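**Q** With the working numbering applied, the sequence shown covers 6 to 479.
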Amino acid sequence: MNLSSADRIVADLRVWLETAPAGARLPSSRELSERYEASPVTVQKAMRMLVALGLVESRPGSGSFALGRRAAARPLDFSWQTGALRSAAHPLPALSAPLRETAVDKISLHAGYPAKELLPERAVRAALVRAARGDAAIVKSPAGGLPELQAWFASELASVTPSGVTPVAARDVLVVPGTQSALSSIFRVLAGAGQPVIMESPSYWGAILAAAQAGVTIVPIPSGPEGPEPADLEAAFAESGAKVFYAQPNYANPTGAQWSPSRREKMLSVVRAQGAFLIEDDWAKDFGIDNEPTPMAAYDDTGHIIYIRSLAKSVSPAVRIGAVIARGPVRERLQADRNAESMYVSGMLQAAALEVVLQPAWRSHLRSLRGQLRERRDLLASGVTRFMPQATLDHLPRGGLNLWVQLPDEIDLPRLVQECERRGVLIAAGSEWFPAEQPGNFVRLNYAGPDPARFTEGTAVIGAAMRQQLDASG
């Protein structure tokens, strides 16, 4: 992560302020401008940040002065909250591995979002500026979303709908502030606390988290390189009485699995026969590499599929805009739940997202992105093969952002994660992607992170840490 000029000034001065006595005068703005070769505006911004941090006092006409280190405050007593809160009904992790911040000097193979250079950065910045100048910045947007954005999401799905199937309409679309919150709504509306929801195992950690938050009971079924077996799904429906199945038919996170056309047809037949819902999470719609992903929802006009599409990863993580497409009474129930939780989605972010995806450059960007992801995927996979021979990479995903790698059972996975981080490589242990006990040791390695030139170095570090453990145990 690159620091701005103001951030660099703040970081440098904070080191000095650690030992500066209270009342010590900071250099003048002119001196700081010369020292850091920064504009007066940048220096003023840095000083405001230091004041906000409680490290500096600004005295008009006199300058800026160090406040000095404060005496240690007495420990605060929050013990009363233990009795008031009681035990958490559904304990949630404090911070998932993919959400951890990346240090500048680390090799980041753990993150879940594409690096900045893989985003349409110029288009996003320009769209945000224009959206801020328009009415979207100061008025409430419609509860279901901007009509133009609803129409765009509908057209994306309708464009691949085969003849004989009624395509979705704009009225079937609910614009949501990122699909994570949408998952919570869907689990609440379709199942509810204590009710069963079938889920692939492994599966997206955010879906597992949303299910826990909603209090549903997850019924896991195993999933391989081509997804789960239809027979396993049928058995899970029969044994659990579930009416909801959450899945990622295209480039599943974390495995990269993609269902074949015949498997999609069989799975949809099982769902229909059970009178159930399939929640199709199409998170990687824009990340095809070796083929074009076709949503299962394009083949369903009977309301069995609840379709989720996100722009937070492909447009920008700062533009958290997604959509839920649902037909029939379930759409109204979802709308009511969304209204109760967030009322409406930021019109400014919707306007910015819409401008980006409507530009001709958007399609050009996606074509370029495909090639970049292919290069990064192949580079990381070659590093795994070369430097981690004890690991198993079952298949090369045809899209998505991740490699799913199995490690020997003798590996102490938490210790490996810690050792790799100590050596400057961040990886994500696969345990977070299993809704029940994990059947082996896995790591998810993201090939869309920054600085792919260091992928080889990163896999070499992981391989060396693995060998160290295996040699010690053997």
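Don't be surprised by glycine CBs; every beta carbon is placed ideally from N, CA and C.
If you're wondering where the values come from, they're calculated on a predicted model, not measured in any experiment.
Less than 8 Å between the CB atoms is what I'm expecting for L385 and L408, so what's the real figure, rounded?
**A** Indexing the sequence shown from 1 puts residue 385 at position 380. Indexing the sequence shown from 1 puts residue 408 at position 403. Confirmed, about 6 Å.
**Q** Just curious, the alpha helix (DSSP H) that L283 is in, first and last residue?
**A** Residue numbering aside, residue 283 sits at position 278 when the sequence shown is read from its first letter. Careful: L283 lies outside any alpha helix (DSSP H), inside the beta strand (DSSP E) at 282-286.
**Q** Buried or exposed for N255, please, with buried defined as at least 16 other CB atoms from any protein chain shown within 10 angstroms of its CB.
**A** Position 250 of the sequence shown holds residue 255. N255 is buried by the Cβ-count criterion.
**Q** Please work out which residues of its chain come closer than 7 Å, Cβ to Cβ, to A120, disregarding the five sequence neighbours upstream and downstream, and give them in chain order.
**A** Residue mapping note: residue 120 aligns to position 115 of the sequence shown, counting from 1. Within the same chain, A120 has close Cβ partners A453, G454, P455.
**Q** Give the DSSP-derived three-state secondary structure of M301 in the structure shown.
**A** For the purposes of this step, residue 301 is taken as the residue at position 296 of the sequence shown. In this structure, M301 counts as helix in the three-state DSSP scheme.
**Q** Can you say whether N7 is buried or exposed, counting buried as having 16 or more other CB atoms within 10 angstroms of its CB?
**A** Translated into positions along the sequence shown, residue 7 becomes position 2. Confidence in N7 is poor, its pLDDT being 45 and thus under 50, which makes the residue's placement too unreliable to answer from.
**Q** Considering only C-alpha positions, which residue in the set I310, Q377, A219 is nearest to A198?
**A** Your numbering for residue 198 matches position 193 in the sequence shown. If we check each option's Cα against that of A198, A219 comes out closest.
**Q** Tell me which residues share the same chain as A356 and place their Cβ nearer than 6 Å to its Cβ, disregarding the 5 neighbours each side in the sequence.
**A** By 1-based counting over the sequence shown, the position of residue 356 is 351. Once the five neighbours on either side are set aside, the close Cβ partners of A356 are A136, A141.
**Q** Hey, could you find the ends of the alpha helix (DSSP H) F328 is sitting in?
**A** Against the sequence shown, residue 328 aligns to sequence position 323. According to the sequence provided, residue 328 is Ala. The question's Phe does not apply to it. That residue, A328, is in no alpha helix (DSSP H); its beta strand (DSSP E) goes 327-330.
**Q** Identify, in the order they occur along the chain, each residue of the same chain with its Cβ nearer than 8 Å to the Cβ of R13, setting aside the five sequence neighbours on each side.
**A** In the sequence shown, counting from the first residue as 1, residue 13 sits at position 8. Closer than 8 Å at the Cβ level, and outside the excluded window around R13, lie Y41.
**Q** Using a Cβ-Cβ cut-off of 8 Å (strictly less than) and excluding sequence neighbours within five positions of R277, which residues of its own chain qualify?
**A** Position 272 of the sequence shown, counted from the start, is the residue given in the question as residue 277. T307, H309.
**Q** Using the rule of at least 16 other Cβ atoms within 10 Å of the residue's Cβ for burial, across every protein chain shown, is D383 buried or exposed?
**A** As a first step, residue 383 must be located in the sequence shown, where it is residue number 378. Flag for D383 reads exposed.
**Q** Decide if R193 is buried, meaning its Cβ has at least 16 other Cβ atoms within 10 Å, or exposed.
**A** The sequence position of residue 193 within the sequence shown is 188, counting from 1. So R193 counts as buried.
**Q** Would you mind giving the Cβ-Cβ distance between S206 and P230, rounded to the nearest angstrom? I have them listed as a contact below 8 Å.
**A** As a position in the sequence shown, residue 206 is number 201, starting the count at 1. As a position in the sequence shown, residue 230 is number 225, starting the count at 1. The Cβ separation is near 14 Å, so there is no contact.
**Q** What does the alpha-carbon distance come out to for the pair F460 and G352?
**A** The count along the sequence shown starts at 1 and reaches residue 460 at position 455. The count along the sequence shown starts at 1 and reaches residue 352 at position 347. Near 39 Å, if we compare the C-alpha coordinates of G352 and F460.
**Q** Of all Cβ atoms in chain D, is any one closer than 9 Å to the Cβ of L418?
**A** Going by chain labels, chain D is absent from the structure shown, which holds only one protein chain.
**Q** What residue from W210, L123, E39 has the CA that sits closest to A441's CA?
**A** The residue you call residue 441 lines up with position 436 of the sequence shown. When each option's Cα is compared against that of A441, the closest is W210.
**Q** How many whole angstroms separate the CB atoms of V181 and A303, which I take to be in contact at a CB cut-off of 8 Å?
**A** For the purposes of this step, residue 181 is taken as residue 176 along the sequence shown, with counting starting at 1. For the purposes of this step, residue 303 is taken as residue 298 along the sequence shown, with counting starting at 1. That pair is no contact at about 20 Å.
**Q** What residues in its chain sit with their C-beta under 8 Å from that of E153, if we drop five residues either side in the sequence?
**A** Translated into the one-based positions of the sequence shown, residue 153 becomes position 148. Once the five neighbours on either side are set aside, the close Cβ partners of E153 are L359.
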